[in-house]
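S.K.: Chain order of the listed sequences is D and X. Following the numbering used here, the numbering of the first sequence begins with 1 at its first residue and continues without gaps. Following the numbering used here, the numbering of the second sequence begins with 1001 at its first residue and continues without gaps. The C-beta atom is built at its ideal place from N, Cα and C for all residues, glycine as well. All figures in this text were calculated on a predicted structure; none of them were measured in a lab.
Protein chains: 2
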Amino acid sequence: MVTERQRVSIFDVAKMAGVGVATVSRVINSNPRVSPLTRMRVEAAIEALGYHPSRLASGLSKGRQDMVAVLVPFITRPSVVARLEGVIEVLDRDGFGTAVYSVRSLEQRDRHLDYLMDRHAAIGVVVISIPLTQLHVERFRTNGVYLSLIDTASEGVPHVVVDDRTGGCLAATHLISLGRRRIGFIGDEDLTGLGFASSYKRLCGLEDALNNYHLEHDRSLVRLGRHGSLEARQLCDQLLELDRPPTAIFAASDTQAVGVLASAEAHAIRVPDDLAVIGFDGLEISSILGLSTIEQPLYESGVEGAKRLLQQLDGREVEQVKHVLRLELKARSTTISTHALSKSGA
Amino acid sequence: MVTERQRVSIFDVAKMAGVGVATVSRVINSNPRVSPLTRMRVEAAIEALGYHPSRLASGLSKGRQDMVAVLVPFITRPSVVARLEGVIEVLDRDGFGTAVYSVRSLEQRDRHLDYLMDRHAAIGVVVISIPLTQLHVERFRTNGVYLSLIDTASEGVPHVVVDDRTGGCLAATHLISLGRRRIGFIGDEDLTGLGFASSYKRLCGLEDALNNYHLEHDRSLVRLGRHGSLEARQLCDQLLELDRPPTAIFAASDTQAVGVLASAEAHAIRVPDDLAVIGFDGLEISSILGLSTIEQPLYESGVEGAKRLLQQLDGREVEQVKHVLRLELKARSTTISTHALSKSGA
DNA sequence: ACTATCCATGGAAGCGCTTCCATAAACGTT
DNA sequence: AACGTTTATGGAAGCGCTTCCATGGATAGT
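1) Suppose only complete runs of 4+ residues qualify. What are the alpha helix (DSSP H) ranges in the region 271-335 of chain D, listed by chain order?
2) For the region 75-105 of chain D, which residues have a CB atom closer than 8 angstroms to at least one CB atom of chain X, in sequence order?
3) Establish whether the CB of Q134(D) and some CB of chain X are separated by less than 9 angstroms.
4) Tell me which residues share the same chain as S102(D) and place their Cβ nearer than 8 angstroms to its Cβ, disregarding the 5 neighbours each side in the sequence.
5) Verify whether the separation of the beta carbon atoms of L147(D) and V162(D) is less than 9 angstroms.
6) Let me check one thing: in DSSP terms, what residues is I249(D) bridge-paired to?
7) Under 8 angstroms by Cβ, that's how I've got E1189(X) and L1224(X) pegged, so tell me the actual separation to the nearest angstrom.
8) If you measure from the beta carbon of V1024(X) to each beta carbon in chain D, is any gap under 9 angstroms?
9) Taking C-beta pairs closer than 9 angstroms, name the residues in chain X that M67(D) reaches, listed in chain order.
10) Hey, could you find the ends of the beta strand (DSSP E) R7(D) is sitting in?
11) With DSSP as the reference, identify every bridge partner of H1159(X), one or two as the case may be.
12) List the residues of chain D whose Cβ lies closer than 7 angstroms to the Cβ of G1059(X), in chain order.
13) Evaluate A1022(X) with the Cβ neighbour count: other Cβ atoms within 10 Å of its Cβ, from every protein chain shown; 16 or more gives buried, anything less gives exposed.
14) So Y1051(X) is in the alpha helix (DSSP H); what residue range does that whole segment cover?
15) Using the C-alpha atoms, what's the distance from D1281(X) back to Y1200(X)?
16) To the nearest whole angstrom, what separates the beta carbons of G1086(X) and E1300(X), a pair I think is in contact under 8 angstroms?
17) Rounded to a whole number of angstroms, what is the C-alpha to C-alpha distance between A252(D) and I1088(X)?
18) Please report the distance separating the alpha-carbon of S9(D) from that of Q1065(X).
19) Are at least three pairs of beta-carbons, each pair with one atom in the region 224-239 of chain D and one in the region 181-196 of chain D, less than 8 angstroms apart?
20) Name the chain X residues whose beta carbon is nearer than 9 angstroms to that of V321(D)?
21) Please classify R1077(X): does DSSP put it in a helix, a strand, or coil?
22) Give me the chain D residues within the contact set of A1048(X), using Cβ-Cβ distance strictly less than 9 angstroms, ordered along the chain.
23) To which residues does DSSP link V222(D) through a beta bridge?
24) Using a Cβ cut-off of 8 angstroms, which residues of the region 219-249 of chain D contact any Cβ in chain X, in chain order?
25) Check each residue of the region 1247-1270 of chain X: if its Cβ is closer than 7 angstroms to any Cβ of chain D, include it; give the result in chain order.
26) Please confirm whether E4(D) has its beta-carbon closer than 9 angstroms to some beta-carbon of chain X.
27) From V1080(X) to K330(D), what does the alpha carbon distance come to, in whole angstroms?
28) If I measure Cβ to Cβ from R182(D) and keep anything under 6 angstroms in the same chain, skipping five residues before and after, which residues do I get?
29) Give the DSSP-derived three-state secondary structure of T338(D) in the structure shown.
30) Between the alpha carbons of A172(D) and I249(D), how many angstroms are there, rounded?
31) If I follow the unbroken beta strand (DSSP E) through V1126(X), where does it start and stop?
32) Figure out for me which residue from R1093(X), I1046(X), L1049(X) has the closest Cα to the Cα of V1068(X).
33) Assuming A99(D) is part of the alpha helix (DSSP H), what are its boundary residues?
34) Between the C-alpha atoms of S35(D) and D12(D), what's the straight-line distance to the nearest angstrom?
35) Please determine, among L1221(X), S1154(X), S1030(X), the residue with the shortest C-alpha to C-alpha distance to P1131(X).
36) For a cutoff of 9 angstroms on Cβ pairs, would you count T334(D) as touching chain X?
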C-alpha cells in the first residue's frame, strides 16, 4: 500500500489563510458573504495546498449528495444506451454524477433497489425500462428517494414513455396498407421475470391494426425469444420455413429486425417484394440498412427523464407526471420498393 | 418538498436494541466479535426500524468509499459499452458502485479528471479508450487515486490492451492472401483532440502487411472521418467511385464496415467477389451480417480492467502491468465466397 | 451623537458512522 | 483460589464538512 500523504482538509486551508473554517467553506460554496480580499487569500491557500473538498464529508454534512443512480437492464442494448446517454448528459450538466446499476435478473433488481432505498446511496434514481412494483415505489416514497421512470410507468411517479401499442398499430397499419395480410411478429420473451412489456404491447398494437381492417390474426406467426439479432434470425427461419410463410414481419426492435433481414437473405427471399420487414426504435443501423421502422426518441427520453428527476430535487413539482414522446414511422426500403424511394432512404 | 421522516441512525438502533453504537456497527460490518444473542437483538431492531446505514457517513469515517469511477468516450459505441458492461459486472460483484463519466471533448475529460483526482470522489478510476497525459497519471498517483486503463496505455499504470497494429496486419494479410492488392482503409479521424489511436495503429498494421509482401501502399485509398456507419458509407462511396477503386476495404471497426457494406450494395458492387470487406471488433452485428472481422475480447477487457483496479484496492501489486488480450481473425462471407463457407458463418 | 442594522467572520455543534481504548465478565491454568 | 487471558461490550474521539449562532466593527437612520 502506498504511503499516503495526509489528506489536506478544510482546516489546513483555514490555518494557512489565517481564517476560520467557516469562511473557507463559504468560499468553496461561493457564498457571497465573504469579502473579496479574504476570498482571494483563501483561494490562494487552496491553490497552494492543492486542496480538494471531500465529497463525502460535504454530502454527509449537508444531508444530501451529488450522486444519482440509474437502473438499467441489459446495458448492451443500443436502445438502453441511447437513453442512458441522455440521462448522463443532463445530470452531468447539473453537476451530478451518474452511478449505473445494471440489472439482468430479479435478484439483481431487488438487491440494487434495496441498496438504493437507503437515502444516502443516491439522492435520486432514474429507472430505465424496468417495471417496478407498487411496493418498491412505496418504499422509495417512504425513504424520501426521488424517482423518475423512463420507458416504464408507475402510478403517481413521473415517467416518460411512448405508446408502444399505438406504435405497433402504426407499424402494422403500414404493412397492411401495402397489401400485406399475413404478418409475422418477432418479439421478446421475458425470461428474466422482470416483466418487460413493450414487446407485448407492440404485438397488441399489431392485433389492433388487424382488427381495424377486420383481418384475422394468425397466432402461429408470432414467435418470441431472447432479445438479439441471432435469436431473431432463428425465429424468423422458423417462420419462413412454414408452409404458408408470412408476407411481412414486424420485429419488436430494430435489433431483431436485423436478424429477420439476415434470415430472409439466407432463404433467398426478396425484401420487400416477397417479405416486407419493419422494426422498432430507429437505431442508426436501421437507417444504414434501409430498414423501415417506428422511430422513438431514445436519447431524448433520457434527457427528459433526467430533467424530471432534477425538477424534483429542486423541490419543484413535476407538472406532467406522464410524459409521452411521439413515435414516427420511417418507411424505407424494407417495406417500400427501392425504385419508389428517394436514393438515401434516411 | 416532502416532509421527511427523520432519518433513522445507528444511534436509534442502538437505543432500541439496548446496546451501544459500537456494537451495532459491528453487527453491520459482520464483525465476529459479537455474541449471537446480541447480534439477533440488533438485527431485530434494524429490521423493525427499517434502518439503512448511511454510505456517506461510513465512507467518511472509514476514509474510503465504495464508488469507482469509469471514464468512457462516446458511450453509444457498442465496443465501449461492451467493455463497460464487463467493468460494471466485476465491480458490482465486489460491492462497488460504478459512476460513469462520459467524455466527448478535451474540456470534459479534464473537468472529470479534475473532479476525480479528489481522493474522495471515487476510490479508483477505470479509464476506457481515453489516452491520459503523463501529467494526469502523475496527479492520480499524488492524490492516491487508483487507476486502471483499458484500451489505452500509460507508463507504469496497469492496462489491458490488444495489439491494434498486429490486428491491422492480420486483417490486411488476410485480404492479401485472398489475392487483393488494392486495399482501401476507412478509419477514424480524431476531431476531438482526445488522441484516439487505435484506428491509426490498425492502419499502420495494414501498411506492415503490405510491406511484408513488398506491395506499394496507395495512400489515396485511405479515408478518415467521424466514427459511424453513416460517415463510413460516405467515405466508402468516394472510394468506390474512384477510377481505380479498391478491391478490398479494411474498416477500422465493424460499425464502419457496416457502412462500407451499405455503400457497396448501393453501388451494386458484389461482396466479396468485387470487393472484400473486413472490419474490426467482432460485434454481434458482424456475425449476423457475415462480416469478416478481427475479433477482440471487449467484454473481457472490461472484466480484466476492473479486476486490476480491485487488486490495487486490496493492496496487492498488479503482477503484470501490461495485459495483452488476443485478437482473432474471423473470416466470413465478406471476404470468402459463400460457397466456400459453412452455412452459419459464425 | 446614539442607536438600529448589516456584514464579515469565527467557534462549535452536529451529520452518521468507525474504531481505539477501557471495562468487566468469563474462562482456563497452575 | 489467585492469576493471566480472552471476549463482549460501551464510551468517546474522530472523519471533513456545513451551518447556526455570537461577536465586533462598520454603516446608516434619526
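M.R.: So, to answer that:
1) 284-289, 298-313
2) I75, T76, P78, V81, A82, L84, E85, I88, E89, D92, G97, T98, A99, V100, Y101, S102
3) Stepping through the first sequence from its first residue, residue 134(D) is reached at position 134. False, the Cβ-Cβ gap to chain X never drops below 9 angstroms.
4) Position 102 of the first sequence, counting from 1, holds the residue named residue 102(D). Taken in chain order, the residues that qualify are V72, P73, F74, I75, Q108.
5) Numbered from 1 along the first sequence, position 147 holds the residue referred to as residue 147(D). Numbered from 1 along the first sequence, position 162 holds the residue referred to as residue 162(D). Against a cut-off of 9 angstroms, the Cβ pair of V162(D) and L147(D) comes out as no contact.
6) As a working note, residue 249(D) is residue 249 in the first sequence. Note: I249(D) sits in a beta bridge opposite G184(D), V277(D).
7) Counted from its first residue, the second sequence places residue 1189(X) at position 189. Counted from its first residue, the second sequence places residue 1224(X) at position 224. That pair is a contact at about 4 angstroms.
8) For the purposes of this step, residue 1024(X) is taken as the residue at position 24 of the second sequence. No, because no Cβ of chain D sits closer than 9 angstroms to the Cβ of V1024(X).
9) For this step, residue 67(D) is matched to residue 67 along the first sequence. Here the neighbours are M1067, G1097, A1099.
10) One-based indexing of the first sequence puts residue 7(D) at position 7. Looking at the DSSP string, R7(D) is not in any beta strand (DSSP E), and its letter there is neither H nor E.
11) Locating residue 1159(X) in the second sequence gives position 159, where the first residue counts as 1. L1149(X), K1322(X), per the DSSP bridge assignment.
12) Taking the second sequence and counting its residues from 1, one reaches residue 1059(X) at position 59. What G1059(X) touches in chain D: L56.
13) As a first step, residue 1022(X) is located in the second sequence; it is residue number 22 there, counting from the start. Exposed is the call here.
14) Reading the second sequence from its first residue, position 51 is the one you call residue 1051(X). Here Y1051(X) belongs to no alpha helix (DSSP H), and DSSP marks it neither H nor E.
15) By one-based count along the second sequence, residue 1200(X) stands at place 200. By one-based count along the second sequence, residue 1281(X) stands at place 281. Cα to Cα, Y1200(X) sits roughly 15 angstroms from D1281(X).
16) For the purposes of this step, residue 1086(X) is taken as the residue at position 86 of the second sequence. For the purposes of this step, residue 1300(X) is taken as the residue at position 300 of the second sequence. About 6 angstroms separates the two Cβ atoms, so the contact holds.
17) Along the first sequence, read from residue 1 onward, the residue named residue 252(D) stands at position 252. Along the second sequence, read from residue 1 onward, the residue named residue 1088(X) stands at position 88. Using only the alpha carbons, I get a separation of about 27 angstroms.
18) As a working mapping, residue 9(D) is identified with position 9 in the first sequence. As a working mapping, residue 1065(X) is identified with position 65 in the second sequence. Roughly 17 angstroms between the two C-alpha positions.
19) yes
20) Translated into the one-based positions of the first sequence, residue 321(D) becomes position 321. Within chain X, no residue comes near V321(D); the closest Cβ sits about 15 angstroms away, beyond 9 angstroms.
21) Against the second sequence, residue 1077(X) aligns to sequence position 77. DSSP places R1077(X) in coil when its eight states are reduced to three.
22) Looking up residue 1048(X) in the second sequence gives position 48. Those within 9 angstroms of A1048(X) in chain D number zero; the least Cβ separation is about 14 angstroms.
23) In the first sequence, counting from the first residue as 1, residue 222(D) sits at position 222. Note: V222(D) sits in a beta bridge opposite F185(D).
24) G228, S229, L230, R233
25) V1258, G1259, A1262
26) Mapped onto the first sequence, residue 4(D) falls at position 4. At E4(D), the pLDDT of 45 sits below 50, so the modelled position is not reliable; the number obtained from the coordinates is stated separately. Judged by the 9 angstroms Cβ criterion, E4(D) is in contact with chain X.
27) Within the second sequence, residue 1080(X) is the residue found at index 80, counting from 1. Within the first sequence, residue 330(D) is the residue found at index 330, counting from 1. Spanning the two alpha carbons is a distance of roughly 28 angstroms.
28) Locating residue 182(D) in the first sequence gives position 182, where the first residue counts as 1. So the list reads P246, T247, once near-sequence residues are dropped.
29) Locating residue 338(D) in the first sequence gives position 338, where the first residue counts as 1. T338(D): helix per DSSP, three-state reduction.
30) Along the first sequence, one-based indexing puts residue 172(D) at 172. Along the first sequence, one-based indexing puts residue 249(D) at 249. Distance between the alpha carbons of A172(D) and I249(D) is about 9 angstroms.
31) Sequence index remark: in the second sequence, residue 1126(X) carries index 126 (1-based). From DSSP, the beta strand (DSSP E) with V1126(X) extends over 1124-1128.
32) Position 68 of the second sequence, counted from the first residue, corresponds to residue 1068(X). Out of R1093(X), I1046(X), L1049(X), R1093(X) has the C-alpha closest to the C-alpha of V1068(X).
33) Working through the first sequence from its first residue, we reach residue 99(D) at position 99. Careful: A99(D) lies outside any alpha helix (DSSP H), inside the beta strand (DSSP E) at 97-103.
34) Looking up residue 35(D) in the first sequence gives position 35. Looking up residue 12(D) in the first sequence gives position 12. If I take the Cα positions, the gap works out to 20 angstroms.
35) Reading the second sequence from its first residue, position 131 is the one you call residue 1131(X). For the residues L1221(X), S1154(X), S1030(X), the minimum Cα distance to P1131(X) belongs to S1154(X).
36) If you number the first sequence from 1, residue 334(D) lands on position 334. Judged by the 9 angstroms Cβ criterion, T334(D) is not in contact with chain X.
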